[in-house]
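Trainee: Taken in sequence, the protein lines are chains A and B. With positions in the first sequence counted from 1, the corresponding number in the numbering used here is that position plus 77. With positions in the second sequence counted from 1, the corresponding number in the numbering used here is that position plus 320. Here a beta-carbon is modelled for each residue, glycine too, at the ideal position from N, C-alpha and C.
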Amino acid sequence: MTTATDQTKSTSVLATEKYLGMYRRMTMIRFFEEQVNELYTRALMPGLAHLYIGEEAVAVGICEALRNDDYITSTHRGHGHCLAKGASPDRMFAELLGKEAGYCKGKGGSMHIADPDTGNLGANAIVAGSAGIATGAAFSAKHAGKGQVAVCFFGEGALGQGVVYEVMNLAALWKLPVIYVCENNLYTEYTHFSETLAGDLLTRGAAFGVPSESVDGQDVRAVHTVATKMIARARAGQGPSFLVCNTYRYTGHHVGDINREYYRSKQEEQQWKTDRDPLKILADWLFSYGLADAQALDAIRKEVGEQMATAVNFAIAAPYPAVDKVAQDVYA
Amino acid sequence: MPETAQRELTFAQAVNEALAEEMRRDARVCILGEDVAEAGTPFKVLSGLVQEFGVSRVIDTPISEAGFTGVGVGAAMTGMRPVIDIMFGDFLTLTMDQMVNQAAKVHYMSGGKWKVPMVLRTTLGASRRSAAQHSQSLHAWFSHVPGLKVVMPSTPYDAKGLLKSAIRDENPVVFFEDKMMYKLKGPVPAEDYTIPFGVADIKREGDDITLVATSSMVQVALEAAVLLESIGISAEVIDPRTMWPLDEKTLIASVQKTSRAIVIDEGYERYGITAEISSVIAEGAFFDLEAPVKRMGAMHVPIPFSPPLEDATVPTGQTLFAAAKKLCGKN
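1. Got a sec: is the Cβ-Cβ distance from P288 (chain A) to anything in chain B below 8 Å?
2. Classify F216 (chain A) as helix, strand or coil using the three-state DSSP reduction.
3. Can you tell which of A:T88, A:S87 and A:T93 has the C-alpha that lies nearest to the C-alpha of S365 (chain A)?
4. What are the start and end residues of the beta strand (DSSP E) that includes R582 (chain B)?
5. With 8 Å set as the bound, which would you pick, yes or no: does the beta-carbon of F517 (chain B) sit closer than that to a beta-carbon of chain A?
6. Counting only beta-carbon separations shorter than 8 Å, does M343 (chain B) have a partner in chain A?
7. Taking 8 Å as the CB-CB cut-off, is T389 (chain B) touching chain A?
8. Would a check of beta-carbon distances place P193 (chain A) closer than 8 Å to chain B?
9. Determine the burial state of L640 (chain B): buried for a count of at least 16 other Cβ atoms within 10 Å of its Cβ, exposed for fewer.
10. Identify whether V378 (chain B) lies in helix, strand or coil by the three-state DSSP scheme.
11. Taking only beta-carbon positions, decide if S271 (chain A) is within less than 8 Å of chain B.
12. Which residues mark the beginning and the end of the alpha helix (DSSP H) in which T534 (chain B) is found?
13. Closer than 6 Å by C-beta to F319 (chain A): which residues in its own chain qualify, once you throw out the five before and the five after it? Chain order, please.
14. At 7 Å on the CB atoms, spell out the chain B contacts of V240 (chain A), in chain order.
15. Can E586 (chain B) and A618 (chain B) be called in contact, C-beta distance under 8 Å?
16. Am I right that P355 (chain A) and E141 (chain A) are in contact with their C-beta atoms under 8 Å? What's the rounded C-beta distance?
17. Determine the chain A residues that contact P382 (chain B) at a beta-carbon separation under 8 Å, and present them in chain order.
18. Given a threshold of 16 other Cβ atoms within 10 Å of its Cβ, counted over all protein chains shown, does T562 (chain B) qualify as buried or as exposed?
19. Keeping to the same chain, check which residues put their C-beta closer than 7 Å to that of M400 (chain B); ignore five residues upstream and five downstream.
20. Apply the 10 Å Cβ neighbour rule to P166 (chain A) and answer buried if 16 or more other Cβ atoms are within range, or exposed otherwise.
21. Please classify M563 (chain B): does DSSP put it in a helix, a strand, or coil?
22. Roughly how many angstroms separate the alpha carbons of E172 (chain A) and I572 (chain B), rounded to a whole number?
23. With contact counted as at least three CB pairs below 8 Å, one residue from each stretch, are the segment 137 to 155 of chain A and the segment 171 to 190 of chain A in contact?
24. Run the CB neighbour count on D147 (chain A), radius 10 Å, all protein chains shown included, and call it buried at 16 or more, exposed below.
25. Output needed for R377 (chain B): all residues of its chain with C-beta closer than 6 Å, excluding positions within five of it in sequence on either side, in chain order.
26. Start and end of the alpha helix (DSSP H) containing F231 (chain A)?
27. From the DSSP output, read off the bridge partner residues of D521 (chain B).
28. I want to see whether chain B comes within less than 8 Å of I203 (chain A), judged by CB atoms only; does it?
29. For R488 (chain B) and N145 (chain A), what's the separation of their Cα atoms in angstroms?
30. Let me confirm a value: F495 (chain B) is counted as buried when at least 16 other C-beta atoms fall within 10 Å, else exposed. Which label applies?
31. Quick one: which residues of the segment 425 to 456 of chain B get their C-beta closer than 7 Å to a C-beta of chain A? List them in chain order.
32. Is M78 (chain A) close to chain B? Criterion is C-beta to C-beta, closer than 8 Å.
33. On the DSSP letters alone, give me the boundaries of the beta strand (DSSP E) that C140 (chain A) sits inside.
34. When you compare only the Cα positions, how much space is there between Y129 (chain A) and R107 (chain A)?
35. Would you list the one or two residues that DSSP bridges to V292 (chain A)?
36. Across the segment 438 to 448 of chain B and the segment 392 to 402 of chain A, are there enough close Cβ pairs to call them in contact, namely three or more that are closer than 8 Å?
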């Protein structure tokens, strides 16, 4: 028989493991994206990619509250969501390089990674393009009755698209288990969101009677707490929620967006990196409660760094698809 | 011939029966659209389905074509077999991103991992005095997009068999019904049958000229064939039935036999279905042709409201007869 003290201890051990897991996952995303930038600058990657650096706490805080059989839809800035839902970095890098071993056999690329094994319905290169798909997955989930939910990730730019409001209306009417997650990273491409969106963002969900909250998107624990609540609500058949995560995109709109001073200052960028970094915020919290020391986090970073190096090498060495595969997979 | 084969149904009843049979066979099949449940659509094509299958499977949506088409795509990817109802083909413009960028591309972009077994049913056809935003035939747009299949039945028999194939298909299928044809009657077996995609149907055999006609234009072509017969021209009427996949072989073989062809379709003639099929025929039967392949489609104007104006925009039995006569060298 366990004593109350033992239980408290084991609960706290579990919590520590969970937060260290989140630290590891956020580190994976950070290092993955740094490698992507490196691949771009070394001209090893065809096309462009949109980096998630700075926003790691959003994807991780939410996906850590999901089951493997829950669904997500992602965006053009989607690497973080895919990794947070459990995708493997080697096959993701392979996809980014257009290789046969990639998640989509090289046919999708950076903006279209999809993986049925982790419930990832796909990243989408049309802004708000997956709002219907996520809501449809929630429709299926409700029909199947297994308690699955769908999370629809999108940036604040998607709030300019009408389809978001069409499906929110439908989801509210039909009480569908879907969580609409708006990552407000402040910039719709190269324009501050205050120039593109009128009114308060939260009222967009509230207008449909959808419970709507905003959260500090740099604090993975805060994101996780509110996501857990919204997901539980969806699983219980109480319908959709709308979550605005206030966050920041450290780098450009895409890897080639180097000179950004015409739309935001270096000072602003530095301030977020210094004061609001999601990895640093979690690390400081772990330290302050004595749940981890610098050595433990260093060990995680070292391990993840090695994992990423191996994954990149795998992708670089992997073969391209044979040209005769070009017409395969058009029809099922 | 079994007695049931003699049974006649209207085009609308054939569509309704196909849906009902598929919904009985497969619990994953559901219908989403505006006024599909109690109202059974403005054309009453779906009457009775909600009574049998309930509001959880015959689902009235808000007027949100993009929204509920998108829901259909996501639902199809995750285990359902949705049949999306877009009341007027003109409203397809509102679904374009969901159909063209999402439904059509999901399978390919995911390297073949996700599938979208969804049917989008909609209408086409002018002459209902409904003016420019309720009369268009926009099937060429969807036939242009890899990843979609496009089906255009012209008889009640074809409607039932093709719709059942569409619902069982693993891909997004756009199914066009001529709204002026809903009352057309024809033999429809009561039993289960399907018609495979990519198989043209010879609606009438002939030797002198091939009339390739789709959907609403099949009746027009049959009418012209009767007129042509009266002046000694034997016309073959071929209905491709599916725009994609397209039965090129049957079209080419017919023209190799007849040496002349007119392609008739109610979509806009310019950059339309007729251009594509004409090109297939020209490439495949060039050395057998005795005249250029002719196209006939809707005029390059928004469909007007005023009856005499509207009637001038689409091919008729008379205009087709005149064109065929000329192509055969008879004045």
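Mentor: Let's see:
1. no
2. helix
3. A:T93
4. Here residue 582 (chain B) is Ile; the residue named in the question, Arg, does not match the sequence. Here the beta strand (DSSP E) through I582 (chain B) covers A581 to Y588.
5. no
6. no
7. yes
8. yes
9. buried
10. strand
11. no
12. T534 (chain B) -> no alpha helix (DSSP H), and no H or E assigned at all.
13. Y257, G282, V287 and S289
14. A386, G387 and G390
15. yes
16. The Cβ separation is near 13 Å, so there is no contact.
17. E243, N246, L247 and L250
18. buried
19. R348 and C350
20. buried
21. strand
22. 42 Å
23. yes
24. buried
25. C350
26. Unbroken run through F231 (chain A) is the beta strand (DSSP E), A227 to G232; no alpha helix (DSSP H).
27. B:D559
28. yes
29. 29 Å
30. buried
31. V426, H427, Y428, M429, S430, G431, G432, K433, W434 and K435
32. Confidence at M78 (chain A) is low in this model, with a pLDDT of 47, below 50, so the placement of that residue should be treated as unreliable; the coordinate-derived value is given next. No - not a single Cβ of chain B is within 8 Å of the one on M78 (chain A).
33. No beta strand (DSSP E) holds C140 (chain A); the alpha helix (DSSP H) holding it covers E133 to C140.
34. 8 Å
35. A:C322
36. no
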